[in-house]
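In what follows, a single structure is set out as structure tokens and then discussed.
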Amino acid sequence: MSKRWSTRRLYWTLYPFTATAVAINLFLLGLIGFSIGLPAIPPVIALIAAVPLGFPANVLITRWVNGLLDEAES
Numbered sequence: 520m521s522k523r524w525s526t527r528r529l530y531w532t533l534y535p536f537t538a539t540a541v542a543i544n545l546f547l548l549g550l551i552g553f554s555i556g557l558p559a560i561p562p563v564i565a566l567i568a569a570v571p572l573g574f575p576a577n578v579l580i581t582r583w584v585n586g587l588l589d590e591a592e593s
């Protein structure tokens with residue numbers, strides 16, 4: 520068996536992917552809002568907002584991936 524990654528290392532490895540997914544979802548949410556008359560969210564604003572919003576989302580993703588790794592090892 521290979522050595523298991525620490526939760527901290529897994530967290531920081533997954534963070535760029537999680538923050539990108541959050542940015543894409545914010546941008547698409549802005550497009551949906553635009554269709555009902557709200558102002559659109561520009562891509563740069565979605566990227567900036569995704570930086571802090573990515574942290575709590577990444578906690579959930581890291582827990583999920585840790586569970587998958589536990590399941591795969593057993």
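Here the working numbering is used: the first residue of the sequence shown is 520, the next is one more, and so on. Ideal Cβ positions, reconstructed from N, Cα and C, are used throughout, including at glycine.
For residue i, does the count of other Cβ atoms within 10 angstroms reach 16, so buried, or fall short, so exposed?
{"i": "G586", "result": "exposed"}
{"i": "T581", "result": "buried"}
{"i": "I555", "result": "exposed"}
{"i": "V541", "result": "buried"}
{"i": "I560", "result": "buried"}
Does DSSP put residue i in a helix, a strand or coil?
{"i": "I560", "result": "coil"}
{"i": "W531", "result": "helix"}
{"i": "W583", "result": "helix"}
{"i": "S554", "result": "helix"}
Quick check: is the beta carbon of residue i nearer than 8 angstroms to any beta carbon in chain D?
{"i": "F546", "result": "In the structure shown, chain D cannot be found, because there is only a single protein chain."}
Since residue i contacts residue j with CB under 8 angstroms, what's their CB separation in whole angstroms?
{"i": "A538", "j": "A569", "result": "5 angstroms"}
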